[in-house]
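Okay, so here's the structure we're looking at.
Protein chains: 2
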Amino acid sequence: MAGRGRPRAFDRDTALRRAMEVFWKQGYEATSMMDLTSAMGIASPSLYAAFGSKEALFKEAVELYNATEGAPMTRALTELPSAKDAVESVLRHNARADAQEGGPSGCMIVLAATNCSTANAPVRDHLATRRRAGTEMMARRLERAVREGELPAGTDTEAMAVFYTTVIQGMSVQARDGASSACLDRTVDRAMAAWDAVAGASTA
Amino acid sequence: MAGRGRPRAFDRDTALRRAMEVFWKQGYEATSMMDLTSAMGIASPSLYAAFGSKEALFKEAVELYNATEGAPMTRALTELPSAKDAVESVLRHNARADAQEGGPSGCMIVLAATNCSTANAPVRDHLATRRRAGTEMMARRLERAVREGELPAGTDTEAMAVFYTTVIQGMSVQARDGASSACLDRTVDRAMAAWDAVAGASTA
DNA sequence: GAGTTTCTGTGTCGATCAGCACAGAAATCG
DNA sequence: CGATTTCTGTGCTGATCGACACAGAAACTC
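Here it is, written out as structure tokens:
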């Protein structure tokens, strides 16, 4: 691993983490190169040499976000024996993470590129794909719950996953508007109290 | 009303409506002056003379949005005799409006300035205030339902209003991601099936 | 008609955007 | 040691941002 030329003077992982925090707080388009370089402690050519472009840096930041902030959710959905406990765990984690002190408010995947210019449509679509992947993961967990008898046969697992995803995404908007963790938890209380009704709901 | 000087060559209301549609579709920051002038059919000095600035134009566009798109929701909350019917009407209206063909997807108040640079913080705060106003209106309607006996005494009307607001805001994100009106309606089905559980939920 | 007022269209302002050219600096290899 | 390779920092690029100066055009009042 001994590089041939002059070694990099900054830690790539640390710089990427700083970039992620800025993108998380300000979103993709509202973050300028100067915001990034000053937060990462490097000059712009170093950024381009190490990450390629602003867009490539953002996608790496999203991956890092998924690997760190998203890990507890993935673990809950795959490891907890009860689907209801798993979904509640995901919601509780979001309520805590979305409003945590010192950090940006709300989920980066939801908020970082909801509205952006057509020139940056690839960035928006990239996050939209990530959001759909989250819904898919929850839907598969609910299907398993049906197979295991935790949820009644015939449950519309797809609609149920969309419902809880909708609540999660709404919570990010609430957090960005200043809602406290306690306030988000009250919403989680209600979303979970509705579990049986949500599972048993028909398409009207 | 006879103006003294040269009369305006464009219809102010029509131009404002066009501006609203652009802001609705692209958000505040992603919309450039050129987007606005070409959509409104006027040159930039005419825009500044008639509306003051990009920010002032946006705020007028938000008022127009409230007066048109938001009117059915306000009417439902004030006129329908049942709070449950009123909230369901609001949700159904959102499901239809958020995913209507030919128009922008999702609610403008929710999506037009979720993430923007610090320079445009006033715009973001303006929309956040509007969002809180919507929650407040629903909370007052639920309080009335408690007074009238439709909801049990001791119902946490504030938390209940926040819950349904969260669902509405999440639906806008879903619509922006391409969810159909039918898909949003399935979420409404579940949110309304949960009515009694949501009303009776405690703070865990 | 002349004078006044207001709007329109062209052209451009300084600031800022993402991105890169270039040369000097710091490491390894022979 | 010299040669090579890679990174760093300064400073710039064309493009675009929101906003406006200016002069001509079109209505009014007298």
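Residue numbers (our numbering), protein chains in the order written: chain H, 1434 to 1637; chain E, 1434 to 1637. Here a beta-carbon is modelled for each residue, glycine too, at the ideal position from N, C-alpha and C. Note that the coordinates shown come from a computational prediction; the quantities given were computed from them, not determined experimentally.
Where does R1642 of chain E sit, in a helix, a strand or coil, going by DSSP? An answer regarding residue 1642 of chain E cannot be provided, because it is not within the stretch 1434 to 1637 covered by chain E.
Whose Cβ in chain E lies nearer than 8 Å to the Cβ of Q1602 of chain H? Indexing the first sequence from 1 puts residue 1602 of chain H at position 169. Correct list: Q1602, G1603, V1606, Q1607.
Listed from N- to C-terminal order along the chain, which residues in the segment 1528-1556 of chain E have their beta-carbon within a distance smaller than 7 Å of any beta-carbon of chain H? V1543, L1544, A1545, T1547, N1548, C1549, S1550
Classification of A1482 of chain H by the beta-carbon crowding that lies within 10 angstroms, buried from 16 upward: Numbered from 1 along the first sequence, position 49 holds the residue referred to as residue 1482 of chain H. Classification for A1482 of chain H: exposed.
Our contact map puts M1604 of chain H next to T1620 of chain H with C-beta atoms below 8 Å; I'd like the distance itself, whole angstroms only. Counting from one through the first sequence, the residue named residue 1604 of chain H turns up at place 171. Counting from one through the first sequence, the residue named residue 1620 of chain H turns up at place 187. With a Cβ gap of about 6 Å, M1604 of chain H and T1620 of chain H count as contacting.
Okay, do the segment 1567-1577 of chain H and the segment 1585-1599 of chain E touch, 3+ Cβ pairs below 8 Å being the bar? no
Could you tell me the alpha carbon to alpha carbon distance between W1628 of chain E and T1501 of chain E, rounded to whole angstroms? Locating residue 1628 of chain E in the second sequence gives position 195, counting from the first residue. Locating residue 1501 of chain E in the second sequence gives position 68, counting from the first residue. W1628 of chain E and T1501 of chain E: Cα-Cα distance of roughly 28 Å.
Could you name each continuous alpha helix (DSSP H) segment of 4 residues or more that falls completely within the segment 1488-1531 of chain E, going from the start of the chain to the end? 1504-1512, 1516-1531
Taking C-beta pairs closer than 8 Å, name the residues in chain H that G1460 of chain E reaches, listed in chain order. In the second sequence, the residue the question calls residue 1460 of chain E occupies position 27. Correct list: T1547, N1548, C1549.
Report the neighbours of T1620 of chain H on chain E: residues whose CB is nearer than 8 Å to its CB, in chain order. Translated into the one-based positions of the first sequence, residue 1620 of chain H becomes position 187. Near T1620 of chain H (Cβ distances below 8 Å), the residues of chain E are A1592, V1595, F1596, T1599.
Contact set for A1528 of chain H: own chain, Cβ-Cβ below 8 Å, skip 5 residues either direction: As a working mapping, residue 1528 of chain H is identified with position 95 in the first sequence. M1604, S1614, L1617, D1618, T1620, V1621.
Per-residue DSSP class, three states only, for I1601 of chain H: Sequence index remark: in the first sequence, residue 1601 of chain H carries index 168 (1-based). Residue state, collapsed to three classes: helix.
Only counting the same chain, and skipping five residues up and downstream in sequence, which positions put a Cβ closer than 7 Å to that of M1434 of chain H? Looking up residue 1434 of chain H in the first sequence gives position 1. Because M1434 of chain H sits at a pLDDT of 45, beneath the cut-off of 50, its placement in the model cannot be relied upon, and the following sentence gives the value as read from the coordinates. Answer for M1434 of chain H: no residue qualifies.
Any chain E beta carbon closer than 9 Å to D1610 of chain H: Residue numbering aside, residue 1610 of chain H sits at position 177 when the first sequence is read from its first letter. So, interface residue.
List the endpoints of the continuous alpha helix (DSSP H) containing S1550 of chain E. Numbered from its first residue, the second sequence carries residue 1550 of chain E at position 117. It is not in any alpha helix (DSSP H) - S1550 of chain E carries neither H nor E in the DSSP assignment.
Against chain E, which members of the segment 1507-1528 of chain H pass a CB distance test of less than 7 Å? none
Helix, strand or coil, according to DSSP, for L1584 of chain E in the structure here? One-based indexing of the second sequence puts residue 1584 of chain E at position 151. Coil, per DSSP.
Name the two residues that bound the continuous alpha helix (DSSP H) containing P1478 of chain H. Counting from 1 along the first sequence, the entry for residue 1478 of chain H is found at position 45. Note, P1478 of chain H: alpha helix (DSSP H), 1477-1484.
Would you tell me roughly how many angstroms separate the C-alpha atoms of S1522 of chain H and P1505 of chain H, rounded to the nearest one? Stepping through the first sequence from its first residue, residue 1522 of chain H is reached at position 89. Stepping through the first sequence from its first residue, residue 1505 of chain H is reached at position 72. C-alpha separation (whole angstroms): 9 Å.
Residue-level contact to chain E via CB, R1451 of chain H, 9 Å cutoff: Position 18 of the first sequence, counted from the start, is the residue given in the question as residue 1451 of chain H. It does not; no Cβ of chain E falls within 9 Å.
Chain H beta carbons: is any one of them nearer than 9 Å to that of V1631 of chain E? Along the second sequence, read from residue 1 onward, the residue named residue 1631 of chain E stands at position 198. It does: the Cβ of V1631 of chain E has a partner Cβ on chain H nearer than 9 Å.
Please confirm if the segment 1541-1553 of chain H is in contact with the segment 1441-1460 of chain H, defined as three or more CB-CB distances below 8 Å between the two stretches. yes
With a threshold of 8 Å on Cβ separation, who are the neighbours of L1497 of chain E within its own chain once the five nearest residues in sequence on each side are excluded? In the second sequence, residue 1497 of chain E corresponds to position 64, counting from 1. Within the same chain, L1497 of chain E has close Cβ partners L1449, R1450, M1453.
I believe A1624 of chain E touches A1626 of chain H by the beta-carbon criterion, under 8 Å. Please report the beta-carbon distance rounded to the nearest angstrom. Along the second sequence, read from residue 1 onward, the residue named residue 1624 of chain E stands at position 191. Along the first sequence, read from residue 1 onward, the residue named residue 1626 of chain H stands at position 193. The pair is not a contact, with the Cβ atoms about 12 Å apart (cut-off 8 Å).
Considering only the alpha carbon of each residue, which of H:T1562, H:Q1607, H:S1550, H:A1442 lies closest to S1531 of chain H? Translated into the one-based positions of the first sequence, residue 1531 of chain H becomes position 98. Sequence check: residue 1531 of chain H is Asp here, not Ser. The option with the nearest alpha carbon to D1531 of chain H is H:Q1607.
My output table needs one value for R1619 of chain E: the three-state DSSP class, helix, strand or coil. As a first step, residue 1619 of chain E is located in the second sequence; it is residue number 186 there, counting from the start. Reduced to three states, the DSSP call for R1619 of chain E is helix.
Run through chain E and tell me which residues come within less than 7 Å of R1437 of chain H, C-beta to C-beta. Translated into the one-based positions of the first sequence, residue 1437 of chain H becomes position 4. Near R1437 of chain H there are no residues of chain E at all, since even the closest Cβ is about 40 Å away, more than 7 Å.
Beta-carbon proximity list for A1578 of chain H, same chain, < 7 Å, skipping 5 on both sides: Taking the first residue of the first sequence as 1, we reach residue 1578 of chain H at position 145. Excluding residues within five positions, the ones whose Cβ falls inside 7 Å are A1516, L1584.
Taking Cβ-Cβ distances shorter than 7 Å, what residues in chain E pair up with A1627 of chain H? Here residue 1627 of chain H is taken as the residue at index 194 of the first sequence, counted from 1. Per Cβ cutoff of 7 Å: A1627, A1630, V1631.
Starting from S1471 of chain E and walking both ways along the alpha helix (DSSP H), at which residues does that stretch end? In the second sequence, counting from the first residue as 1, residue 1471 of chain E sits at position 38. Unbroken alpha helix (DSSP H) run through S1471 of chain E: 1466-1473.
Return the CA-CA distance between R1631 of chain E and E1512 of chain H, expressed in angstroms with no decimal places. As a working note, residue 1631 of chain E is residue 198 in the second sequence. As a working note, residue 1512 of chain H is residue 79 in the first sequence. Inspection of the sequence shows that residue 1631 of chain E is occupied by Val rather than by Arg. V1631 of chain E and E1512 of chain H: Cα-Cα distance of roughly 28 Å.
S1465 of chain H CB to nearest chain E CB: under 9 Å? The count along the first sequence starts at 1 and reaches residue 1465 of chain H at position 32. For S1465 of chain H, the answer is yes, since a Cβ of chain E falls inside 9 Å of its Cβ.
By alpha-carbon positions, which one of E:C1540, E:D1446, E:A1442, E:P1514 ends up nearest to G1503 of chain E? Along the second sequence, read from residue 1 onward, the residue named residue 1503 of chain E stands at position 70. Closest by alpha carbon: E:C1540.
If the cut is a Cβ gap below 8 Å, which residues of chain H does R1564 of chain E touch? Translated into the one-based positions of the second sequence, residue 1564 of chain E becomes position 131. Going along chain H in sequence order, the residues near R1564 of chain E (Cβ under 8 Å) are V1606, D1610.
I want to see whether chain H comes within less than 9 Å of A1494 of chain E, judged by CB atoms only; does it? For the purposes of this step, residue 1494 of chain E is taken as residue 61 along the second sequence, with counting starting at 1. False, the Cβ-Cβ gap to chain H never drops below 9 Å.
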